[in-house]
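Encoded as structure tokens, the structure appears first; notes follow it.
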Amino acid sequence: MKKDEIAEDQAQIGDDFDGAAAEIEALRTERDDMRDRFIRALADAENMRKRAERDRREAEQYGGTKLARDLLPVYDALRRALDVATDEQRAAAAALIEGVELTLRELINVFGKHGMEPIVPQPGDAFDPAQHQAMFEAPLPGTKAGDIIQVMSEGFMLHDRLLRPAQVGVSSTPKS
Numbered sequence: 325m326k327k328d329e330i331a332e333d334q335a336q337i338g339d340d341f342d343g344a345a346a347e348i349e350a351l352r353t354e355r356d357d358m359r360d361r362f363i364r365a366l367a368d369a370e371n372m373r374k375r376a377e378r379d380r381r382e383a384e385q386y387g388g389t390k391l392a393r394d395l396l397p398v399y400d401a402l403r404r405a406l407d408v409a410t411d412e413q414r415a416a417a418a419a420l421i422e423g424v425e426l427t428l429r430e431l432i433n434v435f436g437k438h439g440m441e442p443i444v445p446q447p448g449d450a451f452d453p454a455q456h457q458a459m460f461e462a463p464l465p466g467t468k469a470g471d472i473i474q475v476m477s478e479g480f481m482l483h484d485r486l487l488r489p490a491q492v493g494v495s496s497t498p499k500s
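With my numbering, letter number 90 in the sequence shown gets 414, and the count goes up by one each step, no holes.
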């Protein structure tokens, strides 16, 4: 009877061992799954932190884009007022002209302080569609196709983004 009891005990131990091994394997699988989920959650949290930081930086740099665009017509009006003033008008209203010049200079300083830089193409420069807007094309002797022949208005960059392209006329004369 002892042999039967021993065999029975051994069978019971074997069953218990198989059950324990299966339970250990299930726990390992669960542990690996939890570890994987934890690592993914950490990665998601890090990505969210980086995204929030990038969004904060962009909001800081480009949050005033609408206001900056709204100020460009003011800049244009001040610039035009100075450009059309004749010498007689300048002499007659010297203090007024000086006030407009000072206002324009201060506006340019404020633009620079906030990362706005003018795009000032010159006649003869090559047309760059990333910074210029062609308002017309006209043949002009002595120029190459794609050369700027007239500047209607300056453009502006806000940090590294185009705020407004410079408006230009472009030569359509074919290359000779």
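Quick reminder that beta carbons are idealized off the backbone N, C-alpha and C, glycines included.
Quick one: Cα of residue 403 to Cα of residue 426, how far?
Taking the sequence shown and counting its residues from 1, the one referred to as residue 403 is at position 79. Taking the sequence shown and counting its residues from 1, the one referred to as residue 426 is at position 102. The straight-line gap from Cα to Cα measures roughly 11 Å.
Are the Cβ atoms of residue 494 and residue 461 separated by less than 9 Å?
Counted from its first residue, the sequence shown places residue 494 at position 170. Counted from its first residue, the sequence shown places residue 461 at position 137. Taking 9 Å as the Cβ cut-off, residue 494 and residue 461 qualify as a contacting pair.
Among 454, 486 and 447, which one has its Cα closest to the Cα of residue 476?
Taking the first residue of the sequence shown as position 1, residue 476 is located at position 152. The shortest C-alpha separation from residue 476 is found at 447.
How long is the line joining the alpha carbons of residue 343 and residue 365, rounded to whole angstroms?
Along the sequence shown, one-based indexing puts residue 343 at 19. Along the sequence shown, one-based indexing puts residue 365 at 41. When rounded, the distance between both Cα atoms is 32 Å.
Tell me whether residue 472 is buried or exposed, calling it buried when 16 or more other Cβ atoms sit within 10 Å of its Cβ.
Locating residue 472 in the sequence shown gives position 148, where the first residue counts as 1. The residue is buried, with at least 16 neighbouring Cβ atoms inside 10 Å.
Check residue 444 in the structure and name its three-state DSSP category.
Here residue 444 corresponds to residue number 120 of the sequence shown, with the count starting at 1. Correct three-state label for residue 444: coil.
Report all residues from its chain with a CB closer than 6 Å to the CB of residue 428; omit the five preceding and five following residues, and keep chain order.
By one-based count along the sequence shown, residue 428 stands at place 104. Correct list, in chain order: 402.
Whole angstroms is fine: what's the gap from residue 496's alpha carbon to residue 450's?
Taking the first residue of the sequence shown as 1, we reach residue 496 at position 172. Taking the first residue of the sequence shown as 1, we reach residue 450 at position 126. Across the structure, residue 496 and residue 450 are spaced so that their CA atoms are roughly 12 Å apart.
Classify residue 482 as buried or exposed, calling it buried when 16 or more other Cβ atoms lie within 10 Å of its own Cβ.
Taking the sequence shown and counting its residues from 1, the one referred to as residue 482 is at position 158. It is buried - the Cβ of residue 482 has at least 16 other Cβ atoms within 10 Å.
Mind reading off the beta-carbon distance from residue 396 to residue 480? Whole number of angstroms is fine, and I expect it under 8 Å.
Your numbering for residue 396 matches position 72 in the sequence shown. Your numbering for residue 480 matches position 156 in the sequence shown. Your pair residue 396 and residue 480 checks out as a contact, with CB atoms roughly 7 Å apart and the cut at 8 Å.
Residue 342 (DSSP reduced to helix, strand or coil):
Residue mapping note: residue 342 aligns to position 18 of the sequence shown, counting from 1. Here residue 342 sits in helix by DSSP.
Whole runs of the alpha helix (DSSP H) within the stretch 391 to 419, excluding any shorter than 4 residues:
Listed in chain order, they are 411 to 416.
Status (buried if at least 16 other CB within 10 Å, exposed otherwise) for residue 488:
As a first step, residue 488 must be located in the sequence shown, where it is residue number 164. Buried, since its Cβ has 16 or more Cβ neighbours within 10 Å.
Residues bridged to residue 490 by DSSP?
As a working mapping, residue 490 is identified with position 166 in the sequence shown. Paired residues: 456.
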